[in-house]
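Visitor: According to the UniProt record's numbering, the stretch in the sequence shown is residues 1 to 194, in order. Sharing a structure below in structure tokens format, with a few things to ask.
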Amino acid sequence: MEIEIKKLTPELAEDYVHFFDVTPHNFNECICYCVTWRSDNSYAGDGDHWFPAQEERRARALQFVKSGSLQGYLAYCGDEIVGWCNANADCRFCLNYLRSYWPIEEYSADIKVKSIFCFVVAPKVQRMGVATKLLERVCLDAAADGFDFAEAYVNKEFTETDHEFRGPLTMYEKCGFSRYGEREGRVVMRKALK
1 MEIEIKKLTP ELAEDYVHFF DVTPHNFNEC ICYCVTWRSD NSYAGDGDHW
51 FPAQEERRAR ALQFVKSGSL QGYLAYCGDE IVGWCNANAD CRFCLNYLRS
101 YWPIEEYSAD IKVKSIFCFV VAPKVQRMGV ATKLLERVCL DAAADGFDFA
151 EAYVNKEFTE TDHEFRGPLT MYEKCGFSRY GEREGRVVMR KALK
């Protein structure tokens, strides 16, 4: 299976939402479009991170992709998207929320961290290395862009792909990440890029 990884760009916005439209990954009424994990500038106003109606989440996803506030990578097999990884660099709002669950430290201003928030992989290609290829590309580009670290927030025990959208801890270890912090079954995985 030939997989091509593409950075999410405004031109791929329609492909992106179509992937979420057709890929089982949540209960139908909860299709996420990955609208929570995005840059702080898209939290202006009421600070909403979740929108109650699927139609609104879809519309917001298009808006966020086109504005560049929703960032990540798409995995293509031919013309079909088979995977997604949300990797963002400027979401302090997200990190502040996650700090209540994971032991994420405050970063000094001179440290650049690429945060890896979640994955969605089409069921027919799960356990075939798609998420690993996405993760490798995130790290490659983050290093080229001058980031000091790539960081992910995972559960120590991987139960099932339907609920473990952060990916298994073993995948991160395989890609050179180390345990950086742990609290109550939640692990911060970190990889030095410099």
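Note that CB positions come from ideal geometry on N, CA and C, so glycine has one too.
Rounded to a whole number of angstroms, what is the C-alpha to C-alpha distance between glutamate 157 and methionine 189?
Guide: Distance between the alpha carbons of glutamate 157 and methionine 189 is about 14 Å.
Visitor: In this structure, how does DSSP classify lysine 156 when only helix, strand and coil are distinguished?
Guide: Of the three classes helix, strand and coil, the one that applies to lysine 156 here is coil, per DSSP.
Visitor: With contact counted as at least three CB pairs below 8 Å, one residue from each stretch, are the stretch 11-19 and the stretch 131-145 in contact?
Guide: No contact exists between the stretch 11-19 and the stretch 131-145.
Visitor: Quick check on the burial criterion: 16 or more other C-beta atoms within 10 angstroms. Buried or exposed for isoleucine 5?
Guide: When all chains shown are included, isoleucine 5 counts as buried.
Visitor: Under 6 Å Cβ to Cβ from serine 115, same chain only, skipping five residues before and after it: list those, please.
Guide: Counting only Cβ-Cβ distances below 6 Å, and skipping sequence neighbours, we find Asn88, Glu151.
Visitor: Please classify alanine 44 as buried or exposed, where buried requires at least 16 neighbouring CB atoms within 10 angstroms.
Guide: Only weak support exists for where alanine 44 lies, its pLDDT of 47 falling under 50; the coordinates are left without a value.
Visitor: Is it true that the CB of leucine 134 sits closer than 8 Å to the CB of phenylalanine 119?
Guide: Contact: yes.
Visitor: First and last residue of the alpha helix (DSSP H) that includes valine 187?
Guide: No alpha helix (DSSP H) contains valine 187, which is instead part of the beta strand (DSSP E) from 186-192.
Visitor: Would you verify that the beta carbon of arginine 137 is, or is not, closer than 8 Å to some beta carbon of chain B?
Guide: Going by chain labels, chain B is absent from the structure shown, which holds only one protein chain.
Visitor: Express the C-alpha separation of tyrosine 153 and serine 108 in angstroms, rounding to a whole number.
Guide: One C-alpha to the other measures close to 19 Å.
Visitor: Locate the alpha helix (DSSP H) running through valine 130, then write down its first and last residues.
Guide: Element bounds for valine 130: 130-144.
Visitor: So is alanine 192 buried or exposed if we call it buried at 16+ other beta carbons inside 10 Å?
Guide: By the 10 Å Cβ count, alanine 192 comes out exposed.
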